[in-house]
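Visitor: For the sequence shown, the working numbering gives the first residue as 419, with consecutive numbering after it. Here a beta-carbon is modelled for each residue, glycine too, at the ideal position from N, C-alpha and C. The following block contains the structure, expressed as structure tokens.
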Amino acid sequence: MNFEVDQRVRMKRTENVGTVTLVLPGNLVQVKLDGGLGHIPIPAEALELVSPPKPKPAPPVVVQRTVSKAVLHEENGVQLAFDPQLNNEAEPVAYEVYLLNSTSHKIIFELKALTGSNQRWSKSSILEPNSKKRLEAIEYRWLNEKLSLELDVRTVNVGGTGPRHFEKVRVKPSQFFGKYVDVPELYREAHLYPVFSRLDSTNTAPAAAPPNTGSLKELTRKHLASKPKPQPKKQLTQTDIRERLEFSETLDLHLTALVEDPAAVPKHEVLQLQLKEYDEYLDRALRLGVDSVFIIHGVGNGVLKRAIHSRLHRTKFIREFKNEFHPKYGFGATEIIFD
419 MNFEVDQRVR MKRTENVGTV TLVLPGNLVQ VKLDGGLGHI PIPAEALELV
469 SPPKPKPAPP VVVQRTVSKA VLHEENGVQL AFDPQLNNEA EPVAYEVYLL
519 NSTSHKIIFE LKALTGSNQR WSKSSILEPN SKKRLEAIEY RWLNEKLSLE
569 LDVRTVNVGG TGPRHFEKVR VKPSQFFGKY VDVPELYREA HLYPVFSRLD
619 STNTAPAAAP PNTGSLKELT RKHLASKPKP QPKKQLTQTD IRERLEFSET
669 LDLHLTALVE DPAAVPKHEV LQLQLKEYDE YLDRALRLGV DSVFIIHGVG
719 NGVLKRAIHS RLHRTKFIRE FKNEFHPKYG FGATEIIFD
């Protein structure tokens with residue numbers, strides 16, 4: 419069956435319902451699933467029509483504009499982003515947690531993930547201004563187990579650290595799926611929770627907040643002890659230039675190219691591992707301003723290729739991507755051309 423944009427469709431196996439947003443080559447249809455599950459490429463034979471198509475809206479006027487790096491960090495404060503990780507059936511099984519520091523402050527932080535009173539994991543580190551850090555994943559089932567995250571933050575100031583900022587974020591499924599928005603810092607959509615709109619000079623931790631754990635205290639102590647004495651300003655280093663020269667414009671996502679022992683990786687974790695490597699690589703490519711890259715995903719059953727193409731459809735600053743025959747890679751690679 420041929421589908422059209424704006425038609426309402428249902429996945430035959432999972433009963434998930436969504437709206438057609440794009441008709442892709444290879445008998446694939448891109449569908450935006452209800453409930454904030456994102457844009458997913460799905461084989462046409464796996465879909466069925468559930469309602470008549472909506473009237474086609476007038477074509478929008480496309481306005482070309484240049485987005486600078488400054489726009490990506492419009493004083494959004496400190497935020498938590500949850501990036502969906504999909505299985506081979508294009509269903510979310512986990513969410514990678516990112517801490518976004520869109521302030522002008524360098525911060526020391528500790529983040530704990532809990533279900534009820536059970537601590538699942540804890541991460542602490544230092545995060546530079548206007549930057550992000552991938553932390554740990556939360557499992558999909560935790561959303562129904564009273565999931566919460568406790569974020570403890572201090573700014574790094576001259577001679578020490580600033581006051582404590584603490585917030586406990588309670589993640590409720592009914593609200594979680596409504597927070598699926600475009601996240602410029604990730605170049606794609608994710609579930610976004612603003613935590614601190616700004617990091618003022620006053621303490622915002624409530625009296626009932628749990629005390630700092632040893633890890634955060636130890637991190638602060640080590641940072642202060644290792645802080646070098648102020649040095650005269652030096653000329654800009656060539657770090658970015660060196661990184662650009664050493665950057666490979668080809669990423670091989672075959673499991674044999676990613677790990678020493680492919681047999682040790684459980685089958686259900688292979689796709690997540692490959693997409694994690696892809697996300698980190700594409701982030702570096704965008705940051706370094708390369709013109710184009712090749713992602714080698716192989717032919718196989720097409721699951722990895724479809725997952726990558728789904729991400730590319732919602733990634734900013736991509737002029738085009740194509741999976742055409744290449745004399746070296748055949749049809750097993752996708753070329754990405756950046757703006």
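Less than 7 Å between C-beta atoms, sequence neighbours within five positions excluded: which residues of the same chain meet that for LEU671?
Guide: Apart from the 5 residues on each side of it in sequence, LEU671 sits with its Cβ closer than 7 Å to the Cβ of GLN692, GLU695, TYR696, ILE713, ILE714, HIS715 and LEU722 in its chain, given in chain order.
Visitor: Measuring alpha carbon to alpha carbon, tell me which residue in TYR611, ASP709, TYR747 and GLU603 is nearest ARG732.
Guide: GLU603
Visitor: Thinking C-beta only, is SER543 closer than 8 Å to LYS551?
Guide: yes
Visitor: Have a look at VAL485 and PHE735 and give me their C-alpha separation to the nearest angstrom.
Guide: At VAL485, the pLDDT of 41 sits below 50, so the modelled position is not reliable and the matter cannot be decided from this model.
Visitor: Within 8 Å, do at least three Cβ pairs link the stretch 495-504 to the stretch 444-451?
Guide: By the Cβ rule, the stretch 444-451 does not count as touching the stretch 495-504, because fewer than three pairs are nearer than 8 Å.
Visitor: Between which two residues does the beta strand (DSSP E) carrying ASP670 extend?
Guide: 668-670
Visitor: Please report the distance separating the alpha-carbon of SER710 from that of GLU667.
Guide: Whole-angstrom Cα-Cα distance: 7 Å.
Visitor: For PRO612, list the residues DSSP reports as bridge partners.
Guide: GLN497
Visitor: Could you pull the DSSP bridge partners for LEU465 from this structure?
Guide: MET429
Visitor: Under the three-state reduction of DSSP, which class applies to ASP424: helix, strand or coil?
Guide: coil
Visitor: Using the C-alpha atoms, what's the distance from HIS686 back to GLU432?
Guide: Reading off the sequence shown, one finds Thr at residue 432, where the question assumed Glu. Cα-Cα distance, rounded: 18 Å.
Visitor: Measure the C-alpha to C-alpha separation of ARG777 and LYS590 and round it to an integer number of angstroms.
Guide: Any question about residue 777 goes unanswered here, given that the chain covers just 419 to 757.
Visitor: Which residue spans inside the stretch 539-574 form an unbroken beta strand (DSSP E) run of at least 3?
Guide: If we require 3 residues or more, the beta strand (DSSP E) runs fully inside the stretch 539-574 come out as 549-557.
Visitor: Tell me ILE736's beta-bridge partners as DSSP assigns them.
Guide: PHE756
Visitor: Buried or exposed: where does PRO740 fall if 16 or more other Cβ atoms within 10 Å of its Cβ makes it buried?
Guide: The question names Pro, yet the displayed sequence has Lys at residue 740. Counting Cβ neighbours within 10 Å, LYS740 comes out exposed, since fewer than 16 surround it.
Visitor: DSSP state of PHE594, grouped into three classes?
Guide: helix
Visitor: As a quick exercise: from LEU504, VAL717 and PRO745, pick the residue whose alpha carbon is nearest that of TYR558.
Guide: For TYR558, the nearest C-alpha among the options comes from LEU504.
Visitor: With a CB to CB cut of under 7 Å and the five nearest residues on each side skipped, what residues in its chain are close to LEU561?
Guide: If we look at LEU561 and ignore the five residues flanking it on each side, its Cβ neighbours are VAL589, PRO591 and PHE594.
Visitor: Could you check what DSSP says for LYS723 in three-state terms: helix, strand or coil?
Guide: helix
Visitor: In the DSSP assignment, the beta strand (DSSP E) including GLU695 goes from what residue to what residue?
Guide: Element bounds for GLU695: not the beta strand (DSSP E) but the alpha helix (DSSP H), 685-706.
Visitor: I need the DSSP call for THR521, collapsed to helix, strand or coil.
Guide: coil
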